[in-house]
Amino acid sequence: MGEVLALAALQLAYHRPEQRRQYLSTALTHHQAASQEAMELLKNVTLENSAGLFIFSALTIVIEMATPKRSPSNEISSDEGDFEDWLYLIQGTAEIGATLEQACTETCLAPLFTFCEHRWTLHCSFYSAYQRTDAMLFELQDRVTSFVHDADTLDILTERISSLQSPACYVPDWEAIDLFFWLHQCIDGFLPLVKARNQEAWVVMAHFCLILKKAETQWWLQGWADCTMRKIHQELDDEHKSWILGPAEEMGWIPPV
Numbered sequence: 008m009g010e011v012l013a014l015a016a017l018q019l020a021y022h023r024p025e026q027r028r029q030y031l032s033t034a035l036t037h038h039q040a041a042s043q044e045a046m047e048l049l050k051n052v053t054l055e056n057s058a059g060l061f062i063f064s065a066l067t068i069v070i071e072m073a074t075p076k077r078s079p080s081n082e083i084s085s086d087e088g089d090f091e092d093w094l095y096l097i098q099g100t101a102e103i104g105a106t107l108e109q110a111c112t113e114t115c116l117a118p119l120f121t122f123c124e125h126r127w128t129l130h131c132s133f134y135s136a137y138q139r140t141d142a143m144l145f146e147l148q149d150r151v152t153s154f155v156h157d158a159d160t161l162d163i164l165t166e167r168i169s170s171l172q173s174p175a176c177y178v179p180d181w182e183a184i185d186l187f188f189w190l191h192q193c194i195d196g197f198l199p200l201v202k203a204r205n206q207e208a209w210v211v212m213a214h215f216c217l218i219l220k221k222a223e224t225q226w227w228l229q230g231w232a233d234c235t236m237r238k239i240h241q242e243l244d245d246e247h248k249s250w251i252l253g254p255a256e257e258m259g260w261i262p263p264v
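With our numbering applied, the sequence shown covers 8 to 264.
Below is the structure:
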């Protein structure tokens with residue numbers, strides 16, 4: 008309940024920026040209380056408490072993304088938000104979800120897991136015969152193939168690029184759950200490359216920003232696509248900065264001079 012109240016306070020802070028400090032303080036109080044309770048439960052994760060922990064963990068991701076202050080144009084400054092933080096939170100949520108995977112039908116989360124499964128199936132089967140030639144992604148694949156000589160790394164990057172070429176990525180009504188699905192699939196191989204500051208992995212993340220932009224109908228996601236693209240641009244060398252000009256232009260983000 009504490010996480011729900013924290014998120015409600017953050018939504019009020021978003022819609023009433025003149026009272027942001029008051030609502031942010033309320034949100035922090037509720038979140039800290041919920042976190043203390045969750046930390047105790049994390050010492051012994053069981054089937055009985057894992058459902059509550061999963062909900063807490065999932066809402067924590069939303070709270071992390073809802074907390075940064077936005078400008079009137081929904082921009083998030085570099086010192087307010089860092090996409091790496093919520094990547095790590097997604098990893099933690101996935102670990103708790105793994106506890107529920109085999110017995111989710113026995114918990115209160117069964118309807119949620121069923122919805123998630125149906126949602127992803129819908130995306131991946133949407134226009135199953137549909138083929139799209141995305142010149143930008145084909146160019147990215149060619150560049151990655153030329154630059155990356157480690158076979159394992161190349162396989163990981165190729166799989167993530169291919170996932171961006173799937174029909175699911177061209178469905179117009181992306182939702183937050185769809186973003187988390189894509190990021191969840193990054194955990195085992197791709198996320199370690201991002202953590203290691205692999206330049207090609209960060210370029211793939213830049214192309215993912217196009218999908219993130221589609222999901223900004225959710226108030227707590229607004230501003231994150233541009234914020235993430237800006238962080239990626241800062242981390243890239245001059246050679247790889249030229250690789251993200253296409254997605255930057257398509258989403259309307261202008262690199263700093």
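Heads up, the beta-carbon is just placed ideally off N, CA and C, and yes, glycines get one too.
From a predicted model like this one, the values you see are computed outputs, not experimental measurements.
query                                                                                                                                                                      : result
Can you pull the DSSP bridge partners for Arg83?                                                                                                                           : Sequence check: residue 83 is Ile here, not Arg. Beta-bridge pairing links Ile83 to Arg77.
Could you give the distance in angstroms between the alpha-carbon of Leu35 and the alpha-carbon of Leu17?                                                                  : 9 Å
Check the C-beta distance from Trp250 over to Leu147 and give it rounded, since I have them as a contact under 8 Å.                                                        : 7 Å
Which whole-angstrom value is the C-beta distance of Ala203 and Ile239, which I expect to be below 8 Å?                                                                    : Between Ile239 and Ala203 the Cβ distance is about 15 Å, and since that is not below 8 Å, they are no contact.
Within this structure, are the beta carbons of Leu66 and Glu10 separated by less than 8 Å?                                                                                 : yes
Indicate whether Ile163 and Leu200 have their beta-carbon atoms separated by less than 8 Å.                                                                                : yes
Taking 7 Å as the limit between beta carbons, can you name the residues of its chain near Glu82, skipping five residues before and five after?                             : Gly230, Asp233
So, helix, strand or coil for Gly196, using DSSP?                                                                                                                          : coil
Measuring CA to CA, which of Trp209, Gln225, Thr160, Thr165 is closest to Ala183?                                                                                          : Gln225
According to DSSP, is Tyr134 helix, strand or coil?                                                                                                                        : Note on Tyr134: pLDDT 45, under 50, position unreliable in the model; no value is reported.
Taking Cβ to Cβ, would you say Trp93 is nearer than 8 Å to Ile68?                                                                                                          : yes
How would you label Val151, buried or exposed, when you count the other beta carbons within 10 angstroms and need 16 or more for buried?                                   : buried
Please report the straight-line C-alpha distance between Leu96 and His156, rounded to a whole angstrom.                                                                    : 31 Å
Just to confirm my understanding: we take Trp209, look at its own chain, exclude 5 residues before and 5 after, and list those with CB closer than 8 Å. What are they?     : Val201, Ile239, Glu242, Leu243, His247
Just the Cα atoms here: how many angstroms apart are Thr100 and Leu186?                                                                                                    : 14 Å
Rounded to whole angstroms, what is the Cα-Cα separation between Ala136 and Thr128?                                                                                        : No answer about Ala136 holds up, because its pLDDT of 43 lies below 50 and its placement is not dependable.
Excluding the 5 residues preceding and the 5 following Gly275 in the sequence, name in chain order all residues of the same chain whose CB lies nearer than 7 Å to its CB. : No answer is possible for residue 275: it lies beyond the span of the chain, which begins at 8 and ends at 264.
Relative to the C-alpha of Tyr30, which residue among Ala73, Thr53, Cys193, Pro254 is closest?                                                                             : Ala73
Jot down the residue ranges of each uninterrupted alpha helix (DSSP H) in the stretch 195 to 250, minimum 4 residues, whole runs only, in chain order.                     : 197 to 202, 206 to 221, 231 to 242, 245 to 248
Taking C-beta to C-beta, are Ala158 and Leu116 nearer than 8 Å?                                                                                                            : no
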